[in-house]
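Undergrad: So for the sequence shown, the numbering used here puts the first residue at 9; every next one is plus one. Where is the CB? At the ideal position from N, CA and C, for every residue including glycine. Values in this document were obtained by computation on a predicted structure and should not be read as measured data.
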Amino acid sequence: MRAPVLAAVCCALVSASAAAAAETGYVYAYFKGGWPAGGHSGVFLSYSADGLHFDSMNGGEAVFVPPEVWSDAEDQTRDPSVVYGPDGLFHMVWTSGIETRTIGYASSPNLIDWSAPQLVEIWDPATVVNHTWAPEIFYDAQQQHYQIVFASDPDDGDHKQYVVTTSDFAAYSEPSVFYYNNATVIDAMVARDAANDRYLMAIKDEQGGAKNIRLATGPTALGPWTTDNPIIVGPGSSIEGNVTEGPSLLQIGDTWYLYYDAYGAGYLGVAASTDPTDPSSWVNLTEDSTMPEGPDAHHGTVFAAPLSALVFDSLPFARSDLNGDQAIDLADWGLFSTHQLTDLTGLSPAEQAARGDLNGDGRADYFDFQLFKRDFDSLHGGGSFAARLNAAALPEPSAVALAIVAWAACCRRVR
9 MRAPVLAAVC CALVSASAAA AAETGYVYAY FKGGWPAGGH SGVFLSYSAD GLHFDSMNGG
69 EAVFVPPEVW SDAEDQTRDP SVVYGPDGLF HMVWTSGIET RTIGYASSPN LIDWSAPQLV
129 EIWDPATVVN HTWAPEIFYD AQQQHYQIVF ASDPDDGDHK QYVVTTSDFA AYSEPSVFYY
189 NNATVIDAMV ARDAANDRYL MAIKDEQGGA KNIRLATGPT ALGPWTTDNP IIVGPGSSIE
249 GNVTEGPSLL QIGDTWYLYY DAYGAGYLGV AASTDPTDPS SWVNLTEDST MPEGPDAHHG
309 TVFAAPLSAL VFDSLPFARS DLNGDQAIDL ADWGLFSTHQ LTDLTGLSPA EQAARGDLNG
369 DGRADYFDFQ LFKRDFDSLH GGGSFAARLN AAALPEPSAV ALAIVAWAAC CRRVR
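(1) Any idea if T140 is buried or exposed, counting beta-carbon neighbours within 10 angstroms, 16 or more meaning buried?
(2) Does the Cβ-Cβ distance between D3 and L330 come in under 8 Å?
(3) Do you know whose CA, among T173, L223, S245 and P300, lies nearest D283's CA?
(4) Rounding to the nearest angstrom, what Cα-Cα distance links V422 and L266 in this structure?
(5) How many Å lie between Y374 and F344 at the Cα?
(6) Using the Cα positions of D369 and T103, report the straight-line distance between them to the nearest angstrom.
(7) Around the Cβ of A364, are there at least 16 other Cβ atoms within 10 angstroms (buried) or fewer (exposed)?
(8) Buried or exposed: P74, going by 16 or more other Cβ atoms within 10 Å of its Cβ?
(9) Run through the DSSP bridge pairs and tell me what L266 is partnered with.
(10) If F39 and R86 are in contact, beta carbons under 8 Å, what's the gap, nearest whole angstrom?
(11) So, at 8 Å on beta carbons, what are the nonlocal neighbours of E253 in its own chain, with the 5 sequence-adjacent residues on each side left out?
(12) Where do the N-terminal and C-terminal ends of the alpha helix (DSSP H) with P357 fall, by residue?
(13) Going by DSSP, what residue range makes up the beta strand (DSSP E) through K212?
(14) Could you say which of P314, L315 and F380 lies nearest to G342 if we only look at CA atoms?
(15) If we cut at 8 Å on Cβ distances, does Q215 have a partner in chain C?
(16) Considering only residues of the same chain and omitting the five flanking positions on each side of P459, which have a CB-CB separation below 7 Å?
(17) By a C-beta neighbour count over all protein chains shown, 10 Å radius and 16 as the cutoff for buried, is Q155 buried or exposed?
(18) Measuring straight from C-alpha to C-alpha, what distance separates F377 and Y55?
(19) When the Cα atoms are used, what is the spatial distance from H388 to L338?
(20) Which of helix, strand or coil does DSSP assign to G308?
(21) Between F146 and A37, which are expected to be in contact by the criterion C-beta below 8 Å, what is the C-beta distance as a whole number of angstroms?
(22) Classify S392 as buried or exposed, calling it buried when 16 or more other Cβ atoms lie within 10 Å of its own Cβ.
(23) How would you call E359, buried or exposed, if buried means at least 16 neighbouring beta carbons within 10 angstroms?
(24) Express the C-alpha separation of A191 and G165 in angstroms, rounding to a whole number.
(25) Please state if the CB of H153 and the CB of S184 are separated by a distance shorter than 8 Å.
(26) Excluding sequence positions up to five away, which residues of its chain have a Cβ less than 8 Å from the Cβ of G244?
(27) Which stretch, first to last residue, makes up the alpha helix (DSSP H) that contains A70?
(28) Do A313 and H347 have their C-beta atoms within less than 8 Å of each other?
(29) Could you name the residues of the same chain whose beta carbon sits closer than 6 Å to that of D385, not counting the 5 residues immediately before and after it, in chain order?
(30) Please go through the same chain and pick out, in chain order, the residues whose beta-carbon is closer than 7 Å to the beta-carbon of A335, but skip the five residues on each side of it.
(31) State the DSSP-derived secondary structure class of R222, mapped to helix, strand or coil.
(32) Which residues in the same chain have their Cβ closer than 7 Å to the Cβ of E82, if we skip the five residues on either side of it in sequence?
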């Protein structure tokens with residue numbers, strides 16, 4: 009039964025026209041470890057084609073680690089924030105330490121090869137601060153410069169949001185107050201809402217001792233920002249009762265996604281809305297998503313990245329490039345279908361992977377088919393695998409024909 013099913017699928021792929029490759033992916037940059045020691049192991053990345061289902065990049069290894077010569081007080085990479093600039097570089101900033109006056113900065117053309125990192129001295133030597141936390145970088149296209157927003161507590165006061173700007177990452181403006189609402193505020197993240205000619209700011213606001221994320225609006229990237237802001241997630245919200253921090257805003261199509269760190273409960277969450285300033289419109293999608301795994305994954309930023317700028321072999325879907333030609337195409341499908349449900353015993357893990365064992369369990373079965381389909385769609389665009397089958401008037405294999413293959417695979421696992 010297996011051979012006719014997979015042969016038909018392969019024929020459908022050959023006869024259908026090639027789908028256009030997706031041009032943009034979504035990357036989650038985050039650190040690992042709890043408070044206060046987390047972040048010494050570097051910056052980690054996960055990739056998603058749809059903003060909801062993330063898989064580890066770079067084989068799960070850190071893509072950036074601070075230099076060994078940096079002191080323990082400033083060699084953390086907490087709260088990484090990344091933006092893709094008009095210069096074709098990814099610019100990253102991060103919290104360099106729990107008690108520090110600096111932030112970290114580095115750039116990369118591909119998220120793998122990084123410039124020599126810098127510790128940027130934010131404050132004048134005469135200014136007394138305990139913390140310089142959670143810098144978030146944003147490119148202001150109207151002003152043609154980058155702004156970096158961060159939390160600090162000059163003179164032992166409440167944490168306020170401050171901002172510096174730069175156009176070259178060599179010279180920075182003096183820090184100025186960006187946002188304060190008569191209570192400690194940290195973790196501000198700014199996004200452009202072009203459809204409504206405004207800017208959105210997600211922020212951890214501790215009004216009344218609460219630890220939740222609110223959403224403010226402003227006419228420019230520098231504000232001024234609204235202060236009577238609704239709670240979106242965290243205590244007091246209707247969709248997420250756990251304490252939250254580390255918000256990240258991303259728009260995909262007409263939908264806004266709010267990613268957050270439910271740090272007390274030990275997971276990363278996500279909510280979505282098409283009308284972000286209406287708190288009742290937000291829906292918690294955490295259970296329907298695949299976020300970087302906790303409790304070790306914490307506070308990061310999700311950002312859009314052109315696929316052309318990324319190293320192919322660092323991407324999770326590269327596992328389905330069975331012939332190693334930096335693509336996922338009909339040649340790979342031919343290899344995959346040829347070895348489906350064949351005995352891979354005695355082969356090395358690399359040889360098994362080259363024959364379609366994508367999940368590393370020593371078999372090439374229905375579960376690997378699901379991964380192949382997902383990887384195909386990640387590269388060529390959502391639904392492209394099914395579209396090729398539909399063009400040939402064949403049913404989706406995972407829904408009909410491959411149910412038989414799934415049954416056979418499950419039987420093998422039971423034995």
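TA: Let me spell this out:
(1) buried
(2) This structure does not reach residue 3, given that the chain is present from 9 up to 423, and the question cannot be answered.
(3) L223
(4) With a pLDDT of only 47 at V422, under 50, the local geometry of the prediction cannot be trusted, and the value read off the model is given with reservation. The alpha-carbon atoms of V422 and L266 are separated by roughly 40 Å.
(5) 11 Å
(6) Whole-angstrom Cα-Cα distance: 38 Å.
(7) Here residue 364 is Gly; the residue named in the question, Ala, does not match the sequence. So G364 counts as buried.
(8) Buried is the call here.
(9) L257 and A279
(10) Contact between F39 and R86 holds: their C-beta atoms lie close to 5 Å from each other, under 8 Å.
(11) Taken in chain order, the residues that qualify are I194, D195, K212, K219, I221, Y268, D269, Y271 and H307.
(12) Bounds of the alpha helix (DSSP H) holding P357 are P357 to A362.
(13) R206 to D213
(14) F380
(15) As a matter of chain content, chain C is missing from the structure shown, which is built from one protein chain.
(16) With the chain covering 9 to 423 only, the question about residue 459 has no answer from this structure.
(17) In this structure Q155 is buried. Its beta-carbon is surrounded by 16 or more other beta-carbon atoms within 10 angstroms.
(18) 20 Å
(19) 12 Å
(20) strand
(21) No, F146 and A37 are not in contact; Cβ-Cβ is about 14 Å, not under 8 Å.
(22) buried
(23) exposed
(24) 10 Å
(25) Pairing S184 with H153 gives a Cβ-Cβ distance that is not under 8 Å.
(26) Within the same chain, A218 and N220 come within 8 Å of G244 by CB-CB distance, once the 5 residues on both sides are set aside.
(27) It is not in any alpha helix (DSSP H) - A70 carries neither H nor E in the DSSP assignment.
(28) no
(29) Here D385 has S392 and F393 as same chain residues with Cβ atoms under 6 Å from its own Cβ, once five neighbours each way along the sequence are excluded.
(30) D329
(31) Secondary structure of R222 (DSSP, three-state): strand.
(32) S104, G105, T108, T110 and L127
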